[in-house]
Every structure is written in structure tokens, then in C-alpha cells.
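Participant: Take the sequence shown: its letters are residues 1 to 682, numbered as in the UniProt record's numbering.
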Amino acid sequence: MVLKNLVRYIINKYLKDYIEQLDYEKLKLDLKNGHVCLEKLHLKPEALVDLSLPVTVAVGYLEKLILTISWTNLYNNPTKVFIDGLYMLIVPKNEVRRDFTEYYDDKMQRVQRKVDNLRKAILNNKKLDEKETTFMERMRLQIMQNLEITIHNLHISYETISTTKLGHPFSFGLTIHHLEMITTTNNRLIGKIKENSAIVFKMKEMHALSLYWNTECKSRIDMPFDDVVVILHPVNLTIDLLMILQPGDFNFERPAYDIDIQIEHLNLTIDPKQFSDLLDFIKFQNYTKLYDRCQEYRELKTQEVLDVNILTIEQKERIRYLESKLDVFNLAYIYHNIEIETNPTLITNHNRHHHHRLKTNRIVTPTNTTNNNNHHHKWWHSWWKTKSHSKEGERRKSSTSESITTHEDFSIEDSPNIDIKVKVNNLVLNLSLPQTNNQSQLTDNDILCPIKITDARIGFKRRAISSNISFIIDIQSFSLFGMQTDKQQARPLLVTENFKSFLPLIHSELEFSPMDKKSDYRLYLVIEPLKITYDAPTINQIVECFNPNDDSHSSTLSQIKRRTIEEMEHDLSQEKVFDMTIQLKGISLVLPQNGVSYMCSSIVHIDFNSLILKSCLGDNTLLSQEEVQRFRFYTKYKLQLHDLRITYAQSDEQQLHIIRQIPLLDIDFYKCIYSNDADLTE
1 MVLKNLVRYI
11 INKYLKDYIE
21 QLDYEKLKLD
31 LKNGHVCLEK
41 LHLKPEALVD
51 LSLPVTVAVG
61 YLEKLILTIS
71 WTNLYNNPTK
81 VFIDGLYMLI
91 VPKNEVRRDF
101 TEYYDDKMQR
111 VQRKVDNLRK
121 AILNNKKLDE
131 KETTFMERMR
141 LQIMQNLEIT
151 IHNLHISYET
161 ISTTKLGHPF
171 SFGLTIHHLE
181 MITTTNNRLI
191 GKIKENSAIV
201 FKMKEMHALS
211 LYWNTECKSR
221 IDMPFDDVVV
231 ILHPVNLTID
241 LLMILQPGDF
251 NFERPAYDID
261 IQIEHLNLTI
271 DPKQFSDLLD
281 FIKFQNYTKL
291 YDRCQEYREL
301 KTQEVLDVNI
311 LTIEQKERIR
321 YLESKLDVFN
331 LAYIYHNIEI
341 ETNPTLITNH
351 NRHHHHRLKT
361 NRIVTPTNTT
371 NNNNHHHKWW
381 HSWWKTKSHS
391 KEGERRKSST
401 SESITTHEDF
411 SIEDSPNIDI
421 KVKVNNLVLN
431 LSLPQTNNQS
441 QLTDNDILCP
451 IKITDARIGF
461 KRRAISSNIS
471 FIIDIQSFSL
481 FGMQTDKQQA
491 RPLLVTENFK
501 SFLPLIHSEL
511 EFSPMDKKSD
521 YRLYLVIEPL
531 KITYDAPTIN
541 QIVECFNPND
551 DSHSSTLSQI
561 KRRTIEEMEH
571 DLSQEKVFDM
581 TIQLKGISLV
591 LPQNGVSYMC
601 SSIVHIDFNS
611 LILKSCLGDN
621 TLLSQEEVQR
631 FRFYTKYKLQ
641 LHDLRITYAQ
651 SDEQQLHIIR
661 QIPLLDIDFY
671 KCIYSNDADL
681 TE
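1) Suppose the cutoff is 6 Å on Cβ atoms and the five residues either side in sequence are ignored; what does the same chain contact list for arginine 298 look like?
2) Buried or exposed: which applies to serine 432, given that a residue is buried once 16 or more other Cβ atoms fall within 10 Å of its Cβ?
3) At 3 residues or longer, and completely inside the region 593-645: list those beta strand (DSSP E) runs for me, N to C.
4) Could you name the residues that DSSP lists as bridge partners for alanine 456?
5) Taking the alpha helix (DSSP H) that phenylalanine 329 falls in, what are its first and last residues?
6) Starting from the Cα of aspartate 258, find the closest Cα among Asp50, Asn417 and Ile542 and give me that residue.
7) Does DSSP put arginine 491 in a helix, a strand or coil?
8) Can you give me the C-alpha to C-alpha distance between leucine 74 and glycine 459, rounded to a whole angstrom?
9) For leucine 181, which three-state DSSP category applies?
10) Using the rule of at least 16 other Cβ atoms within 10 Å of the residue's Cβ for burial, across every protein chain shown, is aspartate 277 buried or exposed?
11) Tell me the DSSP secondary structure of valine 59 in three-state form.
12) By how many angstroms is the C-alpha of glutamine 295 removed from the C-alpha of isoleucine 340?
13) Who are the near neighbours of tyrosine 304 in its chain, counting only those whose CB is closer than 6 Å to its CB and skipping five residues on each side?
14) Thinking C-alpha only, which one of Phe512, Trp71, Leu510 and Ser479 is nearest glutamate 498?
15) For the structure I just gave you, are there three or more beta carbon pairs, one from the region 506-526 and one from the region 538-546, closer than 8 Å?
16) Just grab the DSSP bridge partners of leucine 43 for me.
17) Please say whether leucine 589 and aspartate 607 have beta carbons closer to each other than 9 Å?
18) Below 9 Å between beta carbons: does that hold for aspartate 17 and lysine 40?
19) By Cβ distance, which residues of its chain are closer than 8 Å to asparagine 349, with the 5 residues on each side in sequence left out?
20) From which residue to which residue does the beta strand (DSSP E) around proline 663 run?
21) In the DSSP output, which residue or residues are listed as bridge partners for valine 91?
22) CB-CB under 6 Å to aspartate 474, same chain, minus the five flanking residues each way: which ones, in chain order?
23) Measure the beta-carbon distance from isoleucine 156 to glycine 173 and round it to whole angstroms, keeping in mind my assumption that it falls under 8 Å.
24) In three-state terms, what does DSSP make of glutamate 299?
25) Once you ignore the five residues that flank glutamine 640 on each side, which residues in its own chain have a CB closer than 6 Å to its CB?
26) Mind checking whether glutamate 453 and valine 495 have CB atoms under 9 Å apart?
27) Let me check understanding here. Comparing Cα to Cα, which of Glu627, Gln661 and Phe633 lies closest to aspartate 643?
28) Among Asn609, His35 and Pro592, which has the Cα closest to the Cα of serine 602?
29) How far does the beta strand (DSSP E) with isoleucine 527 in it reach, from first residue to last?
30) Please check the pair glutamate 90 and alanine 58, which I expect to be a contact at CB under 8 Å, by giving their CB distance rounded to whole angstroms.
31) Assuming asparagine 486 and valine 577 make a contact with CB atoms under 8 Å, what is their CB distance in whole Å?
32) For the alpha helix (DSSP H) that serine 513 lies in, which residues bound it at each end?
33) Report all residues from its chain with a CB closer than 6 Å to the CB of aspartate 81; omit the five preceding and five following residues, and keep chain order.
34) According to DSSP, arginine 462 sits in a beta bridge with which residue or residues?
35) With distance defined between alpha-carbon atoms, name the residue in Leu656, Ser615 and Leu664 nearest to tyrosine 670.
36) Indicate the three-state DSSP secondary structure (helix, strand or coil) for residue 686 in the structure shown.
And the structure:
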């Protein structure tokens, strides 16, 4: 009876927050051998809430869960958890329909969970005597400190509920055939351990990981698995994962997730439709976030105007928060539509002055928010700006400081510190031709241009509170091959290293919200000498694959606008500061005759030793006051080109120097923050 109560205690402790309608009567118990079996379980929608991700579980199903506890030798033998068949369909949180009462209840639940975690951290710091700890709790701790988790047939699919502007939902996911994890502590792996030792998860093995991305598909719920289009083919990984359940035990000095991934061979294939869908998905994230803010603000403001239900303090604070996030035009647009809906007598005046509004193109300023926007265009065009004002002298500081507070609604402090290091010994990236039918295996003719990379290292760091995110990528060798036009000949080599070097061929650093706070984004890219050969058939085929749609509805001409000084000051204050440095240490460009390289074809060589392109932040010391005012709406860039040479080599190896050498080309140019202004050149 004691063992049965212990099993129920453990299941209730760890599964009740994840499993719907957990029925203890359906437990298959073999207490003599320590076997516990659960079958056909359904996951709760909030099963992933502890991960602080902007998603929720739409459908979750667990086929079988087997728990094996070695009662006779609990301190030396691990407790084993075996899961066979775990399927999850996750959707964005902002697409789950819920009223505002549920929204605030969910927010307060998050607050309560944080309070509970702080209380637990205080209790865990106290050294409890064994007499003060219950028998059940001591057994639970011992099981958790020596645990093996094995998962077979894991399938996680992400899908947007709305069909978006593409007419179909975004749908992608991953599958894993075998996943094995163990728990340990900061002291040792197995044996009798102190009860206050910190528990750490380590990933042991992962087999057959694959990714897929579906284009022009129906809902994943109704689609069989055979219809998925694979991007990342099954690959075996060696992963060293450290997952700290209680970072406070290490004074928050160690990241909550420290992941080291070793991959021997990785094969990634993507076609133009998938690539286009991926870009649309990235754009869709900003669209949905701002659309939801407008919708929420409209509903709250309508409730406030109608005065049917008195707004709570939280709802009023939410209105003020949304007003700080939305731009002037959207606020004016929502105000005006609420006035029309709540006061039908204004409809006549609204229609009478509709033609007048089309003649001008001014966005309403904050001091006169009751005026209507006078430009007849779709109201989401100005979503990229937010409602805020600051002086020109404070632009650099305000843009970086506000980047912390103008991110998505999901709290930054909810995201833990994360360190991820990935090493891929052999990486193959294939750009395939558009597939007319779904094939499980691609032939060599279906591959347009393969990219082979050796010894690639990727580092990712996420720092909570500061919202600092950094990527570091090092590539030792890089080769890009062209399209195979003749089966008797090998693929042409288009891009490769010019000579071997101990330094990485490509080194790049991308940082969001840098710690020095001098900019909002920072890019640093260094490329060792490359040799590039032009191949016309490959380039033409790539252009044809990515040719934009000629649909008149999907392409609109940019309209020339005239802006007030207030509008330009507002846009200038919201412009993100981008610190960029790109250095190419040497490029040899080969242009063969007729775009195809043959043994005896004539060739044009374009060589230079170094190319540097960088942004110039705050470089206004040599400008006069008048020039400073004139260039304040521009971003300055500097381009330096060293030792430019152009030669023409005929088939008989005679060379003609078109440009023998230009030691230095130093160019300063300015890019306007607007691309459609009537007075400022782009």
C-alpha cells in the first residue's frame, strides 16, 4: 500500500499539470517488479507553460508511458521512464480565442508561479534535517536525482490557425526517433546523494532528427504524415545538455540551458517555395503581434466608450500600455471607427468628407488625435512605428533603452539564460528545384546547387533581463557548386576558398541589444579570400525559381509621401541603430566568356585585396551645423576598396590589363531612413 501511495504521489506531483483527466484507476501496476504503465493520455493546453514560450498545445497525445522503479536498490539503480509515441500540435498563443478575463487570469497565474518559485528557492536554501522531511519527499528526491528518460517516436508540429495572406497556414515540425536523457547533480552521477543537491538534466543520445516544412497545405490536423515535405533529413546527434531546474542554486551564474551539440553529417534541403514561405512566416510574426494589439485595444476602448461594464484597473493599465505601443495613425483610425460605431449620426459627415481625406497624406500628430488620417491606404502600413517622442540628441540613447521595453508582450524575465554550442563536421545545404510531386528521396537532377561546409561552429547566447541575444558562426571551409548541365561532367565550382588558412573562412557575429548599448543591432563579418566563378545557367535558374509572383494584388507601387516635421522627428526617434562592419580580405571574381567556363574560353578577372563596408555611428565631428541638420535623416556608411585590378585573359593566355591597380577607393555614402519621401533623396 505504501508503494502504491508513493507511485500516486509521484504521478500527481509531476503529471497532473500536463495530463488531462488523469485517472488513477487506469494505472497498470506491477509493484513487485516496480512497473507502472499509463496509456492513451491527452496533454493539457498549458503543458508547455513552464518553458515560457509564446505557444500553446492545441492537440497533445501520449500513447504509452512506462515507469520502472527499482525498489530493492533505489540508491544505485536509476529510475527509468519510457515514453513511446508523443505527438504535439502547437499553435501561437495569440491565435487562441479567449476573452480578456482569461488574459488577466493567465497573467496573474504567471505572477503566482513566480512567487511560488521564489518561495521554493528560499526553502531549498535551508538545510532541512531528515526528520523534518517526509518519507514520500525523500523518496521522490532520490528518484529525481537518478532518473533515465527515453522517448521513442517524438513528433512536434507547429501550425498557425489563421490562413494568413497566403491562403494557407504555416506548418512545420520535427520528428525524433530516439531521445535519451538522464538526471544528475552537480556532485556525481549515481549513488546516495544529499537531498539539497541541485538536479541537472543531461541529454545522452538523439537519433534520427528531421525537420519538415509544408507549403500550400491544409491544416496539420487533417493531413497524414506522408504529405510532409522534409527539409532536414534524419540525422544522429551527440548532445551534451545541461538543464538546471533551479538556477538559484548556482546564484544564477550558470545558464539554465547549456547545450553542446556534435553533428558528424547534416543534410539540409530546401526548395524555393519553402524558402519563400519561411520569409513570409518571419514577416507574419510582426503582423500578428501588431494586429492583435490593435484588435485588443479596439475592444477595450469600445467597452470604455459604451460604459456597459466598468473597466478594471488592469484593463485601464492595459489600455495605456497599448497606446504606448501603437503608432499615431492606428490610434486615430481606431478612435474614428469607434466614434462611427457608437454614434451613427457621424456616418453622414464621415461619407461627406471622405473625398477630402484622399487629397492629403498627413499622419495625425499626438496633439490632434481626433483628426482622421488623410491617406487612403491599408491601415497596417504604419505598424512599424510606435507612439513616442524624443529629441534628436537623445535618439541614440532612447532607441537602445526602449528596445528592452518594446519587444513582444511575453515578459523578458520569463526567458532563462541559454548557452548553445553546435559543431557540424560535414554540412550539406541543397537548394532543390520546385517539386511537382512529393518524393521521399531527391535525385541528383533535382538539386539545383549544393553547398558543402566543413567544420562549422555555431554559438548562441541568450541573457535574460537585458534581452541580449548573440550569434557567433565560424566556418572553416565553404564550397558552392553550380547546376549540372552535362551528366558527363562534374558540377562547376562557383565559390571556394582562395587558399588554405588556419583562420575560419567565415567569421560572423550578430548581436541584438548589445551590452555596450551603443546600438540596437550589431553585425561583424570577416571573410577570408574567396574565388568566385560566374556560371550563367545556374544564376538564370536561381532567378527563375525565385521570380516574384506577377499577381497585381501582391505587388503595389510605393507612393511618394510628404511628411510634417513632427512626423519626421517621430520617425527619427524610433529608427533603430545598426552597427555594421563587413570585411572581405580578398576576392577573385572570374567572368568566363558567354557565362560558361570552358578549357579554352576567354576570361575576365576582377581582383581586390580588401573590401571594408561599415556604418559610421556618431561621425559628425567634421560636419558644419548646417550639414548636421541636413544629414540627420540619413545613415552614413563608409566603403573602402584596396588594390583593385581588372585583367582580360584570352584563350591563348595573353593578358590585357584593363585596370592595372587602384590602390584605394574610399567612398562615403548616406542612406535615407525613408524610401518614398518627396523631399529627401533615398
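Note that beta-carbon positions come from the ideal geometry of N, C-alpha and C, so glycine has one too. The structure presented is a predicted model; accordingly, all values stated were derived computationally and were not measured.
Facilitator: Taking the geometry as given:
1) Start at 1 with the first residue of the sequence shown, and residue 298 comes out as number 298. Taken in chain order, the residues that qualify are Ile334.
2) Looking up residue 432 in the sequence shown gives position 432. It is buried - the Cβ of serine 432 has at least 16 other Cβ atoms within 10 Å.
3) 603-608 and 610-615
4) Against the sequence shown, residue 456 aligns to sequence position 456. According to DSSP, which records beta bridges pairwise, alanine 456 is partnered with Val424 and Ile475.
5) Here residue 329 corresponds to residue number 329 of the sequence shown, with the count starting at 1. First-last of the alpha helix (DSSP H) with phenylalanine 329: 328-342.
6) Stepping through the sequence shown from its first residue, residue 258 is reached at position 258. Measuring from the Cα of aspartate 258, the nearest candidate turns out to be Asn417.
7) Mapped onto the sequence shown, residue 491 falls at position 491. In the structure shown, arginine 491 sits in coil (DSSP, three-state: anything other than H, G, I, E or B).
8) For the purposes of this step, residue 74 is taken as residue 74 along the sequence shown, with counting starting at 1. For the purposes of this step, residue 459 is taken as residue 459 along the sequence shown, with counting starting at 1. One C-alpha to the other measures close to 39 Å.
9) Here the question's residue 181 lines up with position 181 in the sequence shown. The sequence shown places methionine at residue 181, not leucine. Methionine 181 falls in the strand class under three-state DSSP.
10) Along the sequence shown, read from residue 1 onward, the residue named residue 277 stands at position 277. Aspartate 277 should be labelled buried.
11) What you label residue 59 is simply residue 59 of the sequence shown in a count that begins at 1. Residue state, collapsed to three classes: strand.
12) By 1-based counting over the sequence shown, the position of residue 340 is 340. By 1-based counting over the sequence shown, the position of residue 295 is 295. Their Cα atoms are separated by approximately 17 Å.
13) Position 304 of the sequence shown, counted from the first residue, corresponds to residue 304. The question names tyrosine, but residue 304 is glutamate in the sequence shown. The residues Leu311, in chain order, have a CB closer than 6 Å to that of glutamate 304 in the same chain once the five nearest residues on each side in sequence are set aside.
14) Along the sequence shown, one-based indexing puts residue 498 at 498. Glutamate is not the amino acid found at residue 498; the sequence shown has asparagine there. Looking at the Cα atoms, Ser479 is the closest of the given residues.
15) Using a Cβ-Cβ distance cut-off of 8 Å, the region 506-526 and the region 538-546 are not in contact, since fewer than three pairs of beta carbons, one from each stretch, lie closer than that value.
16) To locate residue 43, count along the sequence shown from 1; it is residue 43. DSSP, once it has assigned bridges, lists Ile19 as partnering leucine 43.
17) Mapped onto the sequence shown, residue 607 falls at position 607. Mapped onto the sequence shown, residue 589 falls at position 589. Yes, Cβ-Cβ distance for aspartate 607 and leucine 589 is below 9 Å.
18) Sequence index remark: in the sequence shown, residue 17 carries index 17 (1-based). Sequence index remark: in the sequence shown, residue 40 carries index 40 (1-based). No.
19) Residue mapping note: residue 349 aligns to position 349 of the sequence shown, counting from 1. Confidence at asparagine 349 is low in this model, with a pLDDT of 49, below 50, so its placement is unreliable and the value that follows should be read with caution. Result list for asparagine 349: empty, nothing under 8 Å.
20) Walking along the sequence shown from the start, residue 663 turns up at place 663. Note, proline 663: beta strand (DSSP E), 655-672.
21) For the purposes of this step, residue 91 is taken as the residue at position 91 of the sequence shown. Note: valine 91 sits in a beta bridge opposite Thr56.
22) The count along the sequence shown starts at 1 and reaches residue 474 at position 474. If we look at aspartate 474 and ignore the five residues flanking it on each side, its Cβ neighbours are Arg457, Pro504 and His507.
23) Start at 1 with the first residue of the sequence shown, and residue 156 comes out as number 156. Start at 1 with the first residue of the sequence shown, and residue 173 comes out as number 173. Rounded, the Cβ-Cβ distance is 6 Å, consistent with contact.
24) As a working note, residue 299 is residue 299 in the sequence shown. In this structure, DSSP gives glutamate 299 a helical state, which the three-state scheme calls helix.
25) In the sequence shown, counting from the first residue as 1, residue 640 sits at position 640. Once the five neighbours on either side are set aside, the close Cβ partners of glutamine 640 are Ile612 and Asp666.
26) For this step, residue 453 is matched to residue 453 along the sequence shown. For this step, residue 495 is matched to residue 495 along the sequence shown. Here residue 453 turns out to be isoleucine, not glutamate, going by the sequence shown. Cβ distance not < 9 Å, so isoleucine 453 and valine 495 don't count as in contact.
27) Numbered from 1 along the sequence shown, position 643 holds the residue referred to as residue 643. Closest by C-alpha distance to aspartate 643, out of Glu627, Gln661 and Phe633, is Gln661.
28) Start at 1 with the first residue of the sequence shown, and residue 602 comes out as number 602. Minimum Cα distance to serine 602 is reached at Pro592.
29) Within the sequence shown, residue 527 is the residue found at index 527, counting from 1. Residues 521-527.
30) Position 90 of the sequence shown, counting from 1, holds the residue named residue 90. Position 58 of the sequence shown, counting from 1, holds the residue named residue 58. Reading off the sequence, residue 90 comes out as isoleucine, not glutamate. With 8 Å as the limit, isoleucine 90 and alanine 58 qualify as a contact, their Cβ atoms being about 7 Å apart.
31) As a first step, residue 486 must be located in the sequence shown, where it is residue number 486. As a first step, residue 577 must be located in the sequence shown, where it is residue number 577. Checking the displayed sequence, the identity of residue 486 turns out to be aspartate instead of asparagine. Incorrect: roughly 50 Å between the Cβ atoms, too far for contact.
32) Counting from 1 along the sequence shown, the entry for residue 513 is found at position 513. Counting along the chain, serine 513 falls outside any alpha helix (DSSP H), and DSSP gives it neither H nor E.
33) Here residue 81 is taken as the residue at index 81 of the sequence shown, counted from 1. The residue asked about is misnamed: residue 81 is valine in this sequence, not aspartate. Hits under 6 Å: Leu67 and Ile149.
34) Position 462 of the sequence shown holds residue 462. Partner(s): Ile418 and Ile469.
35) If you number the sequence shown from 1, residue 670 lands on position 670. Comparing Cα-Cα distances from tyrosine 670 to each of Leu656, Ser615 and Leu664, the minimum goes to Ser615.
36) What the structure shows of the chain is the stretch from 1 to 682, and residue 686 is not part of that stretch, so it cannot be assessed.
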